[in-house]
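Visitor:
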Amino acid sequence: MSLLDLWSAGQETTMVTLDWAFSYLLLHPQEVHRCALIIPLNIWRDTAEDTVVGSYVIPKGTPITAQISSIMTDEDYFKDKYKFNPDRYFNGSRIEQMVVPFGLGKRACPGESLAQAELYLIIGNFLLRYEVTPDPEHPPSMRAKKELGTVRIAQPFHINFKRR
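First residue of the sequence shown: 1, per my numbering; consecutive thereafter.
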């Protein structure tokens, strides 16, 4: 992995997250990361030794990954898992620990802090300066347009910005 890989990965994923954020923000102001699932898989790793998970034996050298989309859509934690529901975070549960779009532990995305700051600043500054509404002729959709490699791209949509 090179610095160019980190830089380009951070730019593409931040751009796509912003597309999804504006799409979701126009309809609902929360829960963007969980529902957008812009990268539904974590990075693949090979097991360093034979490993037992439950009743399964995973031989040394087997490629494995955390299926982030399964974690963030687990019905045990997210009732109506495909429904965009910002209220699910306000009931005193610790459900936010199940939202892991940047991965976990030592293999987590090294750009998480930068990405979170970029999203906060860009979206916050837009909302501070503009009233944002969907264009009725080209509204946002919650369906992905396509996948670019492993990144899910939002459907094209139009936004109306009115200066505050």
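Heads up, the beta-carbon is just placed ideally off N, CA and C, and yes, glycines get one too. The model shown is predicted, which means the values in this text are computed figures rather than measured ones.
Take the Cβ of S113 as the centre, count every other Cβ of all protein chains shown within 10 Å, and call the residue buried at 16 or more, exposed below.
Guide: Result: exposed.
Visitor: Beta-carbon within less than 7 Å of K162's beta-carbon, same chain only, minus the 5 sequence neighbours each way: which residues are those?
Guide: Same-chain partners within the cutoff: Y130, E131.
Visitor: Drop a sphere of 10 angstroms on the beta-carbon of S23, count the other beta-carbons inside from all chains shown, and report buried for 16 or more, exposed for fewer.
Guide: Classification of S23: buried, given that the 10 Å Cβ count is 16 or more.
Visitor: Measure how close the beta-carbons of D46 and P59 come, nearest whole angstrom, since I'm counting them as under 8 Å.
Guide: Their Cβ separation, rounded to whole angstroms, is 10 Å, which puts D46 and P59 out of contact at 8 Å.
Visitor: So, at 6 Å on beta carbons, what are the nonlocal neighbours of G10 in its own chain, with the 5 sequence-adjacent residues on each side left out?
Guide: Correct list, in chain order: G111.
Visitor: Which residues in the same chain have their Cβ closer than 8 Å to the Cβ of V52, if we skip the five residues on either side of it in sequence?
Guide: So the list reads I58, once near-sequence residues are dropped.
Visitor: Would DSSP call F78 helix, strand or coil?
Guide: Coil at F78, not helix or strand.
Visitor: DSSP three-state call for A66: helix, strand or coil?
Guide: The answer is coil: DSSP assigns A66 none of H, G, I, E or B.
Visitor: Relative to the C-alpha of R164, which residue among T133, I153, H138, R143 is closest?
Guide: With distances taken between Cα atoms, R164 lies closest to T133.
Visitor: Considering just the uninterrupted stretch of the beta strand (DSSP E) at F161, what are its terminal residues?
Guide: 159-163 is the span of the beta strand (DSSP E), which, as asked, contains F161.
Visitor: Who pairs with P134 in a beta bridge, going by DSSP?
Guide: DSSP lists I159 as partners of P134.
Visitor: Determine, using beta carbons only, whether M98 and Y77 come nearer to each other than 9 Å.
Guide: Yes, Cβ-Cβ distance for M98 and Y77 is below 9 Å.
Visitor: Measuring alpha carbon to alpha carbon, tell me which of N160, F84, A154, H158 ends up nearest T17.
Guide: The residue with the shortest Cα to Cα distance from T17 is A154.
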